[in-house]
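Residue numbers (the numbering used here): 840 to 1186.
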């Protein structure tokens, strides 16, 4: 009964949070104009480079390849009350895999988790604290996880593990940019340290959509003025590859100010910088990530995980549009032509 009550509480919180997002423009409004389209196929693809050095993920639509479990999975679910305060990931997992006992990594101990593990078939962890707790408490139990940066560097890509990357591959990002940005060439800004393979993949993906890309590499001196002066006059939008750099945050602020002055739309490769003022970025949906974790857990339990790397890209991604920025630019977006989108607006 206590387990059922915990799951019901998570589901209730998810519905409450969804309603809150729709009502409170200050927090942002999530809207999906059309039925979401998965970024991968039922056949696993080779690993794709990500915007963060050394990180990769494999596109695979696990929810299309692996059927929903006929019976609830007996899993141990560890989450983070900081990263997922409304329990959206746990609720997404429960929607396809049934009710689970949920522990918050910030309050649970290794002893509590080990005692609760019993004969459970898999441990599911969301966030680095939850993953560390799982490895400490039940190191021999199969692990399915998400919300962890640099998982390969943390040793989280082994036979007994499967994870969902925090980041999106270039093909997904390019699609969202293409659907939101005005027609015309895109100037792609990249700082030293941003992965060249990812930038090249992004250029190729945009070219495949009929977009011309103008590379705009910023040197170590950060001479933005010289780079801007060299851009062709027909450039319709700017874009910045974001890769966890303090220098990148400084460049973003300068780019954003200059884009406002010139009334040029600015795109980014993540969600954080879109919330901070860029017109469009790309992100995931927590509930969908939970559903994907369910299918990965089922694939692991039924020995249907594909060979090779078990670090997969998010199945579904969304354009993240800053409507406040669009209004300041006087830019009208036809959301009927954007397949899946999260829209944020601040007063």
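By construction, the Cβ of each residue, glycine as well, lies at the ideal position given by its N, Cα and C atoms.
What separation, rounded to the nearest whole angstrom, lies between the Cα atoms of residue 918 and residue 1067?
44 Å
Output yes if chain B places a C-beta closer than 8 Å to the C-beta of residue 960; else output no.
The structure shown has no chain B; it contains just one protein chain.
Residue 918 - containing beta strand (DSSP E), residue span
914-918
Three-state secondary structure (DSSP) at residue 1025?
strand
Alpha carbon to alpha carbon, what distance is there between residue 1103 and residue 1064?
15 Å
Going by C-alpha distance, which of 1021, 945, 876 is nearest residue 924?
945
With 16 other Cβ atoms within 10 Å as the buried cut-off, status of residue 1146:
exposed
Consult DSSP for residue 896 and reduce its assignment to one of helix, strand or coil.
strand
CB of residue 1153 to nearest heavy atom of the ligand MG: below 7 Å?
Ligands in the displayed structure: none, and consequently the ligand MG is not present.
Where residue 1107 falls: helix, strand or coil (DSSP):
strand
Compute the Euclidean distance between the alpha carbons of residue 1125 and residue 926, then round it to the nearest angstrom.
9 Å
Entirely enclosed beta strand (DSSP E) segments - the region 1034-1122, minimum 3 residues:
1052-1056, 1076-1079, 1105-1107, 1119-1122
Quick one: residues in its chain with C-beta nearer than 8 Å to the C-beta of residue 950, no 5 flanking neighbours on either side, listed in chain order?
976
Do residue 1161 and residue 1118 have their CB atoms nearer than 8 Å?
yes
On the CB-based measure, 16 or more other CB atoms within 10 Å of its CB, does residue 1004 come out buried or exposed?
buried
I'd like the list of long-range same chain contacts for residue 912, defined as Cβ closer than 6 Å, with 5 residues on each side in sequence excluded.
936, 1136
Which partner residues does residue 1000 have in the DSSP bridge list?
982
Can you tell me whether residue 1167 is helix, strand or coil according to DSSP?
helix
Residue 1120 beta carbon less than 8 Å from that of residue 1108
yes
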